[in-house]
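There are 2 protein chains.
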Amino acid sequence: MGVTIHDVAARAGVSVATASRALSGQRGVRAANRDKVLAAARELDYEPNVVAASLRSRTTHTIGMVVPRIANPFFATLVESIEKRLHDGQRSLLLANSHYDPDVEQRQVRALLDRRVDALIMIPCHREHSGAALATAAARVPVLQLDLRVDGFAGSWVGVDHEAGIWQVVRHLTERGARSLVFVGAEPTDSAAQARLDGYRRAVGDGDDVLLGDFSKEWGQQAAKLLLRRGPLPDGIVCGNDTIALGVLGELAGNQVRVPDDVRVAGFDDIPYAELAQPPLTTVRQPQHHIADEALRVLGAHLSGEDRTPRGTALTPTLTIRSST
Amino acid sequence: MGVTIHDVAARAGVSVATASRALSGQRGVRAANRDKVLAAARELDYEPNVVAASLRSRTTHTIGMVVPRIANPFFATLVESIEKRLHDGQRSLLLANSHYDPDVEQRQVRALLDRRVDALIMIPCHREHSGAALATAAARVPVLQLDLRVDGFAGSWVGVDHEAGIWQVVRHLTERGARSLVFVGAEPTDSAAQARLDGYRRAVGDGDDVLLGDFSKEWGQQAAKLLLRRGPLPDGIVCGNDTIALGVLGELAGNQVRVPDDVRVAGFDDIPYAELAQPPLTTVRQPQHHIADEALRVLGAHLSGEDRTPRGTALTPTLTIRSST
DNA sequence: TTGAAAGCGCTAACAG
DNA sequence: CTGTTAGCGCTTTCAA
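These protein sequence lines map, in sequence, to chains A and B. For the first sequence, the working numbering assigns the number 1 to the initial residue and increments by one for each residue that follows. For the second sequence, the working numbering assigns the number 1001 to the initial residue and increments by one for each residue that follows.
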């Protein structure tokens, strides 16, 4: 059925070893022979069997990636950036979703390891419970934590400085004259939720006012309802991410509350829809392409064996000011 | 280094053949032996090498998927649904992005075939130019077109009836009293853009008013600018998708045009942000989970060899009425 | 129901 | 620079 490297070698009049070397672009093959092999391959429409190559060479040119939810546009953008760069480097991406469930995540990691991925990029869904999966993975292949991280896990990580981002938001609101603030965030089960909460608490000091749910628009809507029912609105609402902020904006608009006149609202991430909100949302932009670049740089160094020392890289996010504040 | 099936067989006191049969759950193994093998595997912490299994069995339990842009929340949701169902069936997803470029798409398909995926799910980015890639793939493995399709390609397809969706929008706007309509869509380079445009033209009949760009929020903003400059606004704007609609809404809001009082706006897809728009967007909901279910059902039939006859499956989308109309 | 043996297609030693 | 040879770890005949 299929054309094998033996057929190519025979046609080119060389051994399979020479054919293999020529096809994989190794040096140490006479130019004339290399050309003959390449020509033969083309004529026969040879398609190398990468499965066989993987078995022998013990490398699959495939990177596994586990994300909490691909449907989250922030993660989707990250996945897209990573995929593009991998593809440019002739690698493929095996993608898995954890659905924010550490057990699922654990199984996904196992499945990826069974498939012998060369390395793993993981957005760990839980600050603590993702540790086991990460450890089993790290025992076998280079691992990189992206965006989120596991408490006390001594592996590499690339992401942004969430605390600094929140700090910028708080300063901006304060400069705009906001005296009373509230933070609408997520229960700190993942490291970003934790860091943003910590950042908020440190930035505002004592008497912090905090509402915690999850990173969904539904929670944003619910939190806004709570705030409306609770009494006079604060001057500013600092949201844990843009999705929450969009939920808050929607609920406020439905109740004839004017933003930013009655209350200012800010988000985090700068997802594509932040700009389209009414009013357009002030938010903290994460440099996703830089994150992806840096992630693959670090992972590349680990893979090549050049530099295996774990390193954490925190990029600084930038405040994007729009009309909501 | 690694524990192999030989070690497991030795420990269980059986041959590798029996071990293999026991581990893969085949029948025809005495229960006592099966238990011994499974116990040995557990004790040794055996991890099967699926690469070796794939080489021999010629099946990778991996499905390739090519999408135009994962960052598009509509596609992302589809990918997530597909991935979940595959994982439940012990398969993995090899994901690739075409970036709406048929050449990239062609290369991605080749790369996936080289990796010996068992089947391919493709959202072809171009009505015509995606045909070559699809044909090469179809010559090797079962192929399913998802959402979009290639003109004249006689393979299976699962998606929605775009024309019917647009028809519903037009009827709804007409019932609400809209007399003059305009369609803000995308150049018909992909099949959905084409079908939605066709649907609109057939629904409104002669004298149709059509503005074509691409499926981006930027085009929505630009189109809205054009409409504002052009003179009196129509009664209703039918948008080719939600992203365009959100761009239109944003631009209109910036110019103090009231929706739906001054003009009604409708979208297509029902992405998560449609509901959060101000005002919440009337749109056509695509039943993505049903699409994913149906896609894997059809693909499963093709893979098992039960039923290889190509079939097109058009699910009917439903109109979701919100305040923007 | 079991085991021996033959590869799947390729790469990597090792000699030449 | 090239060829021979020996596997990578598994599944699958085939025969018992």
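In this text, a Cβ means the ideal position worked out from N, Cα and C, and glycines have one as well.
Integer Cβ distance of residue i from residue j, believed to fall under 8 Å
i          : j          : result
Val150(A)  : Gly131(A)  : 5 Å
Val1050(B) : Arg115(A)  : 6 Å
Ile1291(B) : Gly1159(B) : 7 Å
Val1008(B) : Ala1053(B) : Not really, about 14 Å apart at Cβ, beyond 8 Å.
Gly199(A)  : His162(A)  : 6 Å
Val263(A)  : Pro317(A)  : The pair is not a contact, with the Cβ atoms about 23 Å apart (cut-off 8 Å).
Candidates the options, of which the one nearest residue i by Cα
i          : options                                           : result
Arg311(A)  : Val204(A), Ser156(A), Gly213(A) and Gly231(A)     : Ser156(A)
Leu148(A)  : Ser324(A), Leu55(A), Tyr100(A) and Val263(A)      : Tyr100(A)
Asp1045(B) : Cys1125(B), Gly1002(B) and Thr1060(B)             : Gly1002(B)
Ala139(A)  : Asp118(A), Phe268(A) and Ser323(A)                : Asp118(A)
Ala224(A)  : Val248(A), Ala178(A), Thr325(A) and Ala301(A)     : Val248(A)
Ala1186(B) : Val1141(B), Trp1219(B) and Ile1123(B)             : Trp1219(B)
Phe1268(B) : His1129(B), Glu1306(B) and Arg1322(B)             : Arg1322(B)
Ile121(A)  : Arg30(A), Gln145(A) and Asp209(A)                 : Gln145(A)
Glu83(A)   : Thr313(A), Ser98(A), Pro68(A) and Gly64(A)        : Gly64(A)
Thr1313(B) : His1129(B), Gly1254(B), His1302(B) and Glu1294(B) : Glu1294(B)
Thr1325(B) : Val1210(B), Leu1173(B) and Pro1317(B)             : Leu1173(B)
Phe1215(B) : Ala1039(B), Arg1069(B), Gly1025(B) and Leu1078(B) : Arg1069(B)
Leu93(A)   : Asp1088(B), Ala1111(B) and Gly1089(B)             : Ala1111(B)
Residue i (DSSP reduced to helix, strand or coil)
i          : result
Ile965(B)  : Residue 965(B) is absent from the structure shown; chain B starts at 1001 and stops at 1325.
Gln1278(B) : coil
Ser24(A)   : coil
Asn255(A)  : coil
Ile1005(B) : helix
Ser1180(B) : coil
Asn97(A)   : strand
Asp1198(B) : helix
Thr62(A)   : strand
Ile1321(B) : coil
Ser130(A)  : coil
Ser1015(B) : coil
Val204(A)  : helix
Arg285(A)  : strand
Thr1243(B) : helix
Asp262(A)  : coil
Cys1269(B) : Before going further, note that residue 1269(B) is Asp rather than Cys in the sequence given. Note: Asp1269(B) maps to strand in three-state DSSP.
Gly231(A)  : coil
Gln90(A)   : coil
Leu112(A)  : helix
Ile1166(B) : helix
Ala154(A)  : coil
Whether residue i touches residue j by CB criterion (9 Å)
i          : j          : result
Ile1166(B) : Arg1196(B) : yes
Pro287(A)  : Leu319(A)  : no
Thr59(A)   : Val37(A)   : no
Val182(A)  : Leu134(A)  : no
Val91(A)   : Thr136(A)  : Here residue 91(A) turns out to be Arg, not Val, going by the sequence shown. No, Cβ-Cβ distance for Arg91(A) and Thr136(A) is not below 9 Å.
Thr1282(B) : Val1265(B) : yes
Val298(A)  : Ile237(A)  : no
Gly240(A)  : Leu1276(B) : no
Asn1072(B) : Ala96(A)   : no
Gln1108(B) : Val1066(B) : yes
Tyr1273(B) : Leu1252(B) : no
Ser1180(B) : Pro1234(B) : yes
Pro1048(B) : Leu1023(B) : yes
Arg1171(B) : Ala1203(B) : yes
Leu113(A)  : Val79(A)   : no
Cβ neighbour criterion (16 or more within 10 Å) applied to residue i
i          : result
Arg1034(B) : buried
His6(A)    : exposed
Pro232(A)  : exposed
Ser1081(B) : buried
Glu1105(B) : buried
Asp1190(B) : buried
Gln1194(B) : buried
Ala12(A)   : buried
Gln221(A)  : buried
Gln256(A)  : exposed
Thr1309(B) : exposed
Gln1326(B) : Residue 1326(B) lies beyond the stretch modelled for chain B, which goes from 1001 to 1325, so this question has no answer here.
Ser1015(B) : exposed
Ala178(A)  : buried
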